[in-house]
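What follows is a single structure, written as structure tokens, with notes after it.
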Amino acid sequence: MKRLFCLAAIAAALMGQSFTAQAAGVEFGVGATSDSTMTYRLGMNFDWDKSWLQSDVGRLTGYWSGAYTYWEGDKGSSNNSLSFSPVFVYEFSGESIKPYVEAGIGAAVFSNTDYEGNKIGQAFQFEDRIGFGLRFHGGHEVGIRATHYSNAGMSSNNDGVESYSLHYTMPL
């Protein structure tokens, strides 16, 4: 486990050299799990100062995402998680509104390994996300996202958990 965290830290440091953060935003999200329990997310996003594949259609860019999520549960079985993820975004061209799609794979740490009957096996989980939304002039954005958490078989218990959420990001 220590080796995995060391490799993740080295990868993040190396990527930080090529993806410097430019603009920041605060993200607020509310969602539900596949078991219909509520999730609440508060995060910070740091846009990369890079873009690729620019054309009249759009461009590929991305951001770093760090967040805290509260997982509401029944009868005191709530959970908490901290996550960090690089997220790739394809932003379509537009005047005042720019549609986008996003995808990312990162890491998360949960406070409990048993949540609402799901046995996630260990505190460390991978966070996979896919979503779409709209960016408005001035940097505000709204979107819909599906996020899956799994330990990728590193533990014999690997039920995983999903959250489907609406989010709003406010530029700083």
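Throughout the sequence shown, residue numbering follows mature numbering (1 follows the signal peptide of the UniProt record, and there is no 0), covering -23 to -1, 1 to 149 in sequence.
Quick reminder that beta carbons are idealized off the backbone N, C-alpha and C, glycines included.
This one's a predicted model, so the numbers in the text were calculated from it and none came from an experiment.
Classification of residue i by the beta-carbon crowding that lies within 10 angstroms, buried from 16 upward
i: I74; result: exposed
i: I97; result: buried
i: S88; result: exposed
i: S142; result: buried
i: S127; result: buried
i: S133; result: exposed
i: G94; result: exposed
Residue j beta carbon less than 8 angstroms from that of residue i
i: T14; j: E139; result: no
i: E68; j: R122; result: no
i: G43; j: W25; result: no
i: G137; j: Y92; result: no
Residue i versus residue j - alpha carbon distance
i: H144; j: R18; result: 8 angstroms
i: T90; j: T46; result: 15 angstroms
i: I107; j: G71; result: 21 angstroms
i: G116; j: G8; result: 22 angstroms
i: R36; j: S28; result: 6 angstroms
i: A129; j: Q102; result: 8 angstroms
i: W41; j: P63; result: 5 angstroms
i: Y77; j: V66; result: 7 angstroms
i: S58; j: A85; result: 6 angstroms
i: M21; j: A1; result: 7 angstroms
i: G6; j: D33; result: 31 angstroms
i: A80; j: T146; result: 16 angstroms
Start and end residues, beta strand (DSSP E) containing residue i
i: A123; result: E118 to S127
i: residue 150; result: Past the edges of the chain, shown from -23 to 149, lies residue 150, and the structure says nothing about it.
i: L143; result: V138 to P148
i: S73; result: Careful: S73 lies outside any beta strand (DSSP E) and carries neither H nor E.
i: S42; result: G35 to W48
> What residue ranges within the segment 86 to 116 form continuous alpha helix (DSSP H) runs of no fewer than 4 residues, ordered along the chain?
Replying inline: none
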